[in-house]
Amino acid sequence: MEYITLGNTGLKVSRLGLGGIPIQRISKEEAAILLRKLPEYGINYIDTARAYTISEEYIGAGIEGIRDKFVLASKSMARTKEAMAADIDISLKNLRTDYIDIYQLHFVQAKDFDTIVGPGGALEALMEAKEAGKIHHIGFTAHELPMFEKALELDWVETIMFPYNFVETHGIDAMKKCTDKGKGFICMKPLAGGAIENAPLAMRFIAANKDVSVNIPGMANEEELAQNVKAASDPSPLTEAELAEIQNTRDTLGNQFCRRCNYCQPCTVGINISFCFTINGYLTRYGLTDWPIARYKSMAVTPDACIECGACESRCPYNLPIISMLKDVHTNFSKVL
Numbered sequence: 021m022e023y024i025t026l027g028n029t030g031l032k033v034s035r036l037g038l039g040g041i042p043i044q045r046i047s048k049e050e051a052a053i054l055l056r057k058l059p060e061y062g063i064n065y066i067d068t069a070r071a072y073t074i075s076e077e078y079i080g081a082g083i084e085g086i087r088d089k090f091v092l093a094s095k096s097m098a099r100t101k102e103a104m105a106a107d108i109d110i111s112l113k114n115l116r117t118d119y120i121d122i123y124q125l126h127f128v129q130a131k132d133f134d135t136i137v138g139p140g141g142a143l144e145a146l147m148e149a150k151e152a153g154k155i156h157h158i159g160f161t162a163h164e165l166p167m168f169e170k171a172l173e174l175d176w177v178e179t180i181m182f183p184y185n186f187v188e189t190h191g192i193d194a195m196k197k198c199t200d201k202g203k204g205f206i207c208m209k210p211l212a213g214g215a216i217e218n219a220p221l222a223m224r225f226i227a228a229n230k231d232v233s234v235n236i237p238g239m240a241n242e243e244e245l246a247q248n249v250k251a252a253s254d255p256s257p258l259t260e261a262e263l264a265e266i267q268n269t270r271d272t273l274g275n276q277f278c279r280r281c282n283y284c285q286p287c288t289v290g291i292n293i294s295f296c297f298t299i300n301g302y303l304t305r306y307g308l309t310d311w312p313i314a315r316y317k318s319m320a321v322t323p324d325a326c327i328e329c330g331a332c333e334s335r336c337p338y339n340l341p342i343i344s345m346l347k348d349v350h351t352n353f354s355k356v357l
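Residue numbers for the sequence shown follow this note's numbering, beginning at 21 and rising by one.
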């Protein structure tokens, strides 16, 4: 495992970390087994969030007694001082620790920025928590390039998290500036929210970019852990065949695809939006029929129930035309049902 100093924080972190989203899909006991395997594979970085339901709680229980082996990062979508202060205390309790190495503003959008940095904003709580030793460093996560670029100019931002994978490379120039400005770059969405099927290839692609301080794929079992560590530690250059596969994936996905972040939820009428796009991908991209059709039929609310209220589109960080995409899903499945 390769280690790197995370920007100017002074923290030595493994270049491969654990993303805490999949922890939500396993039991507390399974999470503890996975977490206690991390040091054996050289991983010392764990990322989670208040928004990830029981993730913080399971991580806290799983690393109790070995907390000193890890650099812990969490994040909050709170925008006011009061809400952020409350979330920091909840995170500390859930993680069973008296300090969190990095606490991040989660999914910062332009419309929220003035509230965050203004009087009574979340930044005040972060600064006070840092002064009190509850958190040691302040991070910033974004999904849109203009917000990434804005974060680069903020002295109080010590780490920046942004999507990067072999389909989404629009942040490369900003990533280089991140290195120049001493801000640690944390790579999220290494598999483009599950759209990239070849995980080993995705890990190798990311590991080759030295502007990535730490890559945080979500992992739910030791098999995924071992696979990702092996790929991320492979120094061999990508072959012509692998580069062709990458290009084919780019051509197939284009720019308008769901990353399954689920910020679009909840749907006004109860449609599981990201699930619709997942099974549509299996039907249209991979040529499968039985599996996606069975899942489509089992849906409590199918995409044709969309009332076009637009609430989902207003929340999507990638500005996807979700309404028309749901119509496409319904059309595609109508042809095979």
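Beta carbons: idealized from backbone N, C-alpha and C, even for Gly.
- Sequence-distant Cβ neighbours of Ile24 in its own chain, meaning closer than 7 angstroms and more than five residues away, are Val33, Arg35 and Ser233.
- Only buried fits Lys101, as 16 or more other CB atoms lie within 10 angstroms of its CB.
- For the pair Val321 and Glu333, the Cα-to-Cα distance works out to about 18 angstroms.
- Out of Ala93, Glu173, Asp121 and Ala52, the CA that lies nearest to the CA of Ala81 is found in Ala52.
- Within the same chain, Arg87 come within 6 angstroms of Thr117 by CB-CB distance, once the 5 residues on both sides are set aside.
- DSSP places Phe225 inside the alpha helix (DSSP H), whose first and last residues are Ala219 to Ala227.
- The beta carbon of Gly238 sits closer than 6 angstroms to those of Gly39, Ile41 and Pro42, all from its chain and outside the five residues before and after it, given in chain order.
- In the DSSP annotation of this structure, the continuous segment of the alpha helix (DSSP H) that includes Gln247 starts and ends at Glu242 to Ala252.
- Thr189 and Phe182 have their alpha carbons spaced roughly 10 angstroms apart.
- Beta-carbon to beta-carbon, Thr179 and Gly27 are separated by about 6 angstroms, close enough to satisfy the 8 angstroms threshold.
- Rounded to the nearest angstrom, the gap between the Cα atoms of Glu49 and Tyr78 is 8 angstroms.
- Taking C-beta atoms as the reference points, Ala215 and Phe127 fail to come closer than 8 angstroms.
- The three-state secondary structure of Leu172, taken from DSSP, is helix.
- Following the DSSP letters along the chain, one finds Phe353 inside the alpha helix (DSSP H) bounded by residues Ile342 to Val356.
- Residue range Ile120 to Leu125 is occupied by the beta strand (DSSP E) that includes Leu125, with no alpha helix (DSSP H) assigned at that position.
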